[in-house]
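J.: Heads up: the sequence lines are chains A and B, in that order. For the first sequence, the working numbering begins at 1 and goes up steadily by one. For the second sequence, the working numbering begins at 159 and goes up steadily by one. Glycine included, C-beta positions come from ideal geometry on N, C-alpha and C.
There are 2 protein chains.
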Amino acid sequence: MIEPPDESPSPCLCEADALPPSDQHAQQYAAVRNAHETELLEDYVELIGDLIEHQGEARSADIAQRMGVSQATVSKMVARLKGLGLVASKPYRSLFLTERGEEMAAMSRQRHAIVLRFLRALGISDDTARIDAEGMEHHVSEETLAAMQRFSQQRESS
Amino acid sequence: MIEPPDESPSPCLCEADALPPSDQHAQQYAAVRNAHETELLEDYVELIGDLIEHQGEARSADIAQRMGVSQATVSKMVARLKGLGLVASKPYRSLFLTERGEEMAAMSRQRHAIVLRFLRALGISDDTARIDAEGMEHHVSEETLAAMQRFSQQRESS
DNA sequence: CAATACAGTTAGCCTTTGCTAAGTTATTTT
DNA sequence: AAAATAACTTAGCAAAGGCTAACTGTATTG
Ligand SMILES: [Mn+2]
Ligand SMILES: [Mn+2]
Ligand SMILES: [Mn+2]
Ligand SMILES: [Mn+2]
């Protein structure tokens with residue numbers, strides 16, 4: 001790379017939108033990679049909790065169907081969840097959440113609900129809101145979550 | 159599973175929030191899996207485009223630093239991008255976007271900008287807005303994008 | 001123009017998240 | 001109680017996305 005001639009006669013008002021400093025930039029991507037590590041775990045425990053609540057029990061076959069994934073995939077994921085101490089079960093029997101699993105499920109469910117409500121308050125159609133919420137929920141900070149809540153509340157009381 | 163006694167004397171007003179039909183539910187997760195397939199490709203081409211625009215060229219070392227990832231990881235990813243016809247380069251030289259790469263970069267950049275502007279309009283602090291936008295951008299439908307744009311515009315003209 | 005420093009590549013490893021095919025266990029039906 | 005069906009598990013494969021260590025090529029500079 002040739003050394004740039006160090007020109008800047010005008011202070012460059014044109015600057016479209018400079019790149020952020022590279023350490024900050026790197027932090028953005030790191031946060032996303034981080035979210036990706038727990039995303040699927042959260043969706044699983046949330047779903048397992050919902051199934052227990054709404055159907056009385058959480059079975060692999062139901063999870064597979066609702067996630068749109070093979071039973072083998074669910075089996076493997078459940079093994080991981082058990083290893084992490086989030087889920088408990090005996091072979092060939094239905095699934096339960098551990099204490100820690102319940103906590104994670106509760107947090108995920110709440111966050112999911114806030115994002116979904118927000119999108120609806122924004123005027124998004126139901127199907128789209130559900131789809132977008134399923135992905136967005138894992139990338140929303142506490143700060144943004146709080147703002148979403150304020151917004152929905154205000155929008156609904158009018 | 160024991161057959162439930164088929165009781166529902168009261169029409170159950172309590173129903174917290176029933177599960178969606180399972181095919182719709184599966185579609186939600188499928189959409190997320192889908193987004194995950196292109197997410198990183200989008201971030202790479204967007205970054206390469208930005209580096210070319212702001213620094214004159216896109217070098218692996220810069221990408222690695224900005225992504226917070228090793229050079230080896232960038233090398234492998236670039237090979238994939240070349241295979242997909244999004245990036246062109248000769249060994250040991252800096253990177254260029256193909257026609258298709260430019261298109262993808264433009265779309266990604268625009269979407270990213272809309273989401274970031276929206277979060278700022280919502281009152282989110284700059285650092286947090288940047289982090290959240292980096293993840294959310296890949297999970298936002300056209301419909302939601304349009305709503306975000308309307309909202310920012312309206313919020314800014316006041 | 002050598003020597004050194006910097007940039008880029010390659011090989012080999014790991015984890016996650018998906019799949020199919022084949023085997024087991026549990027439940028339901030006859 | 002046997003047979004048939006449904007549910008679950010296991011084994012083995014692949015792609016994506018990360019890493020480190022070792023190597024190769026390019027640029028700087030004494
Ligand atoms: Mn969720
Ligand atoms: Mn989700
Ligand atoms: Mn982006
Ligand atoms: Mn991004």
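With 7 Å as the limit, tell me which residues of the segment 76-87 of chain A have their beta carbon closer than that to any beta carbon of chain B; keep them in chain order.
T.: Within the segment 76-87 of chain A, no residue qualifies.
J.: Taking 8 Å as the CB-CB cut-off, is I52 (chain A) touching chain B?
T.: No, I52 (chain A) lies away from the interface with chain B (no Cβ there is under 8 Å from its Cβ).
J.: Would you mind giving the Cβ-Cβ distance between A189 (chain B) and E134 (chain A), rounded to the nearest angstrom? I have them listed as a contact below 8 Å.
T.: Confirmed, about 7 Å.
J.: Counting beta carbon pairs with one atom in the segment 98-110 of chain A and one in the segment 247-259 of chain B, are three or more of them shorter than 8 Å?
T.: With the cut-off at 8 Å, the segment 247-259 of chain B and the segment 98-110 of chain A do not touch.
J.: Check the Cβ of Y44 (chain A) against every Cβ in chain B and list those closer than 9 Å, keeping chain order.
T.: Within 9 Å Cβ-Cβ: nothing; Y44 (chain A) doesn't reach chain B, min ~10 Å.
J.: What is the rounded straight-line gap between the Cα of H297 (chain B) and the Cα of V203 (chain B)?
T.: Each residue's Cα considered, the two are about 17 Å apart.
J.: E143 (chain A) and S283 (chain B) look like a contact to me (Cβ under 8 Å); what is the Cβ gap, rounded to whole Å?
T.: Going by Cβ atoms, the distance from E143 (chain A) to S283 (chain B) rounds to 7 Å, so yes, they are a contact pair.
J.: So the alpha helix (DSSP H) K240 (chain B) belongs to, where does it begin and stop?
T.: Residues 229-241.
J.: Just checking, does the segment 214-224 of chain B make contact with the segment 235-255 of chain B on the three C-beta pairs under 8 Å criterion?
T.: Result yes; three or more Cβ-Cβ pairs closer than 8 Å.
J.: Could you say if the segment 193-210 of chain B and the segment 234-248 of chain B meet the contact criterion of at least three C-beta pairs nearer than 8 Å?
T.: Contact between the segment 193-210 of chain B and the segment 234-248 of chain B is present, because at least three Cβ pairs lie under 8 Å.
J.: List, in order along the chain, the chain B residues whose C-beta lies closer than 9 Å to that of I63 (chain A)?
T.: None at all; the shortest Cβ gap to chain B is about 10 Å.
J.: Of all residues in the structure, which have a C-beta closer than 7 Å to any heavy atom of ligand 2, taken in chain order?
T.: Qualifying residues, in the order they occur: A:E39, A:E42, A:D43, A:H112, A:E134, A:G135, A:E137, A:H138, B:V190.
J.: On the criterion of 16 or more Cβ atoms from any shown chain inside 10 Å, does G241 (chain B) qualify as buried, or is it exposed?
T.: Under this definition G241 (chain B) is an exposed residue.
J.: Less than 6 Å between C-beta atoms, sequence neighbours within five positions excluded: which residues of the same chain meet that for M306 (chain B)?
T.: Same-chain partners within the cutoff: I272, F276.
J.: Taking 7 Å as the cut-off, is the C-beta of E204 (chain B) nearer than that to any heavy atom in ligand 3?
T.: Indeed, a heavy atom of ligand 3 lies less than 7 Å from the Cβ.
J.: Could you check where the alpha helix (DSSP H) with D62 (chain A) kicks off and where it finishes?
T.: 60-67 is the span of the alpha helix (DSSP H), which, as asked, contains D62 (chain A).
J.: Rounding to the nearest angstrom, what Cα-Cα distance links R191 (chain B) and E314 (chain B) in this structure?
T.: Cα to Cα, R191 (chain B) sits roughly 34 Å from E314 (chain B).
J.: So what does L47 (chain A) bridge to, in DSSP terms?
T.: Note: L47 (chain A) sits in no beta bridge, so no partner.
J.: So what does V245 (chain B) bridge to, in DSSP terms?
T.: Answer is B:L255, bridged to V245 (chain B).
J.: Give the secondary structure of E134 (chain A) by DSSP, where H, G and I count as helix, E and B as strand, and everything else as coil.
T.: Helix.
J.: Along chain B, which residues have their Cβ under 9 Å away from the Cβ of I124 (chain A)?
T.: Near I124 (chain A) (Cβ distances below 9 Å), the residues of chain B are S299, E301, T302, A305.
J.: Are the beta-carbon atoms belonging to L19 (chain A) and H212 (chain B) less than 8 Å from one another?
T.: The answer is yes: Cβ separation under 8 Å.
J.: Rounded to a whole number of angstroms, what is the C-alpha to C-alpha distance between D208 (chain B) and D17 (chain A)?
T.: If you take the alpha carbons of D208 (chain B) and D17 (chain A), they lie about 10 Å apart.
J.: For Y92 (chain A), which of helix, strand or coil comes out of DSSP?
T.: Coil, per DSSP.
J.: Out of A:P21, A:K76, A:E39, state which residue places its alpha-carbon closest to the alpha-carbon of E137 (chain A).
T.: Nearest option by C-alpha distance: A:E39.
J.: Relative to ligand 1, is the shortest distance from any of its heavy atoms to the C-beta of S108 (chain A) smaller than 7 Å?
T.: Yes, the Cβ of S108 (chain A) comes within 7 Å of a heavy atom of ligand 1.
J.: For the alpha helix (DSSP H) that L145 (chain A) lies in, which residues bound it at each end?
T.: Residues 142-156.
J.: Alpha carbon to alpha carbon, how far is I131 (chain A) from L116 (chain A)?
T.: Approximately 9 Å, taken between the alpha carbons.
J.: Answer with yes or no whether the minimum CB distance from P91 (chain A) to chain B is below 8 Å.
T.: With 8 Å as the cut-off, P91 (chain A) does not count as an interface residue toward chain B.
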